[in-house]
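The numbering used here puts the first residue of the sequence shown at 1064, with every later residue one more than the last. The C-beta atom is built at its ideal place from N, Cα and C for all residues, glycine as well. Since the structure is predicted, the reported quantities are computational estimates derived from the model, not experimental observations. Encoded as structure tokens, the structure appears first; notes follow it.
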Amino acid sequence: MKQRFLNLILGFLSFLFFCSTAIAQDTLQVNLSEFIERGLEASGQVAYEGRAVDLADNRADMARNQRFLPRIELSSQHGVIPGVRQRPGSEPLPEGRLYLDPNLENDWEDWAIFTRAELSAVQPVFSWGAVKNAISAAESGAKAAEFQFDAVKAEAELQLYELYYSYLLALEVSRIMDEASSEIDQVERTLQRMRDEGDPDLKESDIFKFEILQTEFEVQKVEVKQSLDFVKRVWNYALQADASVTYIPEESFLDAVAFELENYEYYEQLAMQGRPELRGVESGIDAMRKSVDAARAQQYPMVFLGISGSFAHTPNRPRQTNPFIINSTNYASGAVGVGIRQNLNFSSTRNTVERAEIEYRRVNDLHKAVTDGIVLDLNERYRDAVVADAKVRQTRQALTTARNWVRNEQLNYDIGFGDIEDLLESVQKELELRLELKQNIFDLNKKVAALYKAGGIPIHQLIINN
């Protein structure tokens, strides 16, 4: 019985351990597209700029609402009031002519509900284009906000793109350091054997150099581990991952992106057509042009159509039949007319027009400044991409040479003609070049993506090519 109970306890503990392990190992793989998409959804900056687009659209809707009945108001009053009656002995009058009785008085024994409603509306008929231009300016402003959002989104995509490849770089470097650690351990065993055997080819300086190499290598191992932990934490934060979920890249190796470098003019032409910052300024210029026209139109009188209506009803207050006598508690009236509105503060109107013109010229200057910035940025990104591509190609060649060097030194050492110092130097150089190649591939991927962004090309296009 005790053994059976013990088996049950062990089985239950094993089940709990399995469940906790399953929860701790809830790992999800994401590819580059999924990582960027999830990161954008969790980005506070992108969400903030998205609200700016919503506000701009709201302003455009408000401007459109000024086209038809921009001012329409309805008010009502309700209450309880007494009726009216003639004094005893007065000449009886019909209900529609009670206004003729100077001695009419309230009937405090007759109460009724009083209801009155008043409606007024104004419809612009001719405004010299003020309403139309104000709507166009608001719509262009909404487009400018959308382009600004696209620019912020493109910047966020570039950051997420770099963060994804940072994880791959950290994995690659960690893998290389593990392999290098095995090689260093092998060299250490060889040196120890040579020392034990009293090998005359072993110099004391070789031991010192190797110990220094070991010390530097241990520091690099700590740096690599901390870099990998840092990237993991940033990944989880960027994706707003739950504590029980860990995201890892779908790929295991860092490879150079597949792309064909075009000439500089190709990217400049695309940038002038597709950079959202430039298109946003162009929309802003159009908005300010319309704003200037709307401000100028305010110097002239606006013709509008006015509509008003009023209705009141109280059962114990009879309506009077004389059109010049209105019972304020029981009547109905309506009016339609044409009016003219003119702002006579001409100096204020001129100042408004001058301010709009200054802002219009300022936005035109901004267009030139943004164009200059794009050209400078594109030149720098193009140069970086060309240099990064050359570095990757040359580092690959150097690594091939270093590997041949290591094999040659190992063969020479095995047959007794090699020098331990040369072997250490070749191993160290191969390790450096392997790390340098991965770093250069990372830089190439990052700088090609930056070139695409500078040229107004969506990074998604770069992902499709791979």
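- A Cβ-Cβ contact shorter than 8 Å links residue 1373 with residue 1181.
- Contact fails between the stretch 1350–1364 and the stretch 1459–1467, because fewer than three Cβ pairs, one in each stretch, are under 8 Å apart.
- Positions of the beta strand (DSSP E) runs, each at least 3 residues long and wholly inside the stretch 1129–1171, are given as 1134–1148 in order along the chain.
- Around the beta carbon of residue 1240, 16 or more other beta carbons sit within 10 angstroms, so the residue counts as buried.
- The three-state reading of DSSP puts residue 1363 in coil, since its state is none of H, G, I, E or B.
- Beta-bridge analysis with DSSP links residue 1310 to 1091.
- Taking a 10 Å sphere around the C-beta of residue 1229, we find 16 or more other C-beta atoms and assign the residue as buried.
- One Cα belongs to residue 1390, the other to residue 1370, and the distance between them is close to 22 Å.
- A Cβ-Cβ distance of about 7 Å is found for the pair residue 1426 and residue 1344, placing them in contact under the 8 Å criterion.
- Residue 1098 is positioned such that its CB atom lies no closer than 8 Å to that of residue 1300.
- If the five residues before and after residue 1179 are omitted, its C-beta is found closer than 6 Å to the C-beta atoms of 1140 and 1375, all from its own chain and listed in chain order.
- The beta carbons of residue 1204 and residue 1122 sit closer together than 8 Å.
- The alpha-carbon of residue 1147 is positioned some 11 Å away from that of residue 1164.
- The count of Cβ pairs closer than 8 Å, one atom from the stretch 1494–1511 and one from the stretch 1424–1443, stays below three, leaving the stretches out of contact.
- Judged by DSSP in its simplified three-state form, residue 1371 adopts strand.
- For residue 1399, the enclosing beta strand (DSSP E) begins and ends at 1394–1404.
- Between the alpha carbons of residue 1162 and residue 1387 lies a distance of about 11 Å.
- When the Cα atoms are used, residue 1103 and residue 1304 turn out to be separated by approximately 13 Å.
- In this structure, the beta-carbon distance from residue 1458 to residue 1498 does not fall below 8 Å.
- Beta-bridge annotation (DSSP): residue 1315 is not paired with any residue.
- Taking the Cβ atoms as the reference, residue 1330 lies roughly 6 Å from residue 1441, within the contact range of under 8 Å.
- Of the candidates 1521, 1490 and 1448, the residue whose Cα lies closest to the Cα of residue 1503 is 1448.
- Boundaries of the alpha helix (DSSP H) harbouring residue 1298: 1267–1301, taken from the DSSP string.
- With a cutoff of 8 Å on beta-carbon distance, residue 1183 and residue 1166 are scored as not near each other.
- Pairing residue 1279 with residue 1268, the inter-Cα distance amounts to about 17 Å.
- CA-CA distance, residue 1290 to residue 1473, rounds to 33 Å.
- With distances taken between CA atoms, residue 1248 lies nearest to 1273 out of 1384, 1273 and 1527.
- Here residue 1395 is exposed, its C-beta having fewer than 16 other C-beta atoms within 10 Å.
- Residue 1143 sits away from residue 1189, with the two beta carbons spaced by 8 Å or more.
- A Cβ-Cβ contact shorter than 8 Å links residue 1522 with residue 1224.
- Here the C-alpha atom of residue 1251 lies approximately 29 Å from the C-alpha atom of residue 1460.
- Between the alpha carbons of residue 1265 and residue 1496 lies a gap of roughly 27 Å.
- Looking at the DSSP output, residue 1180 bridges to 1139 and 1374.
- In the DSSP secondary-structure assignment, residue 1185 is bridged to 1134 and 1369.
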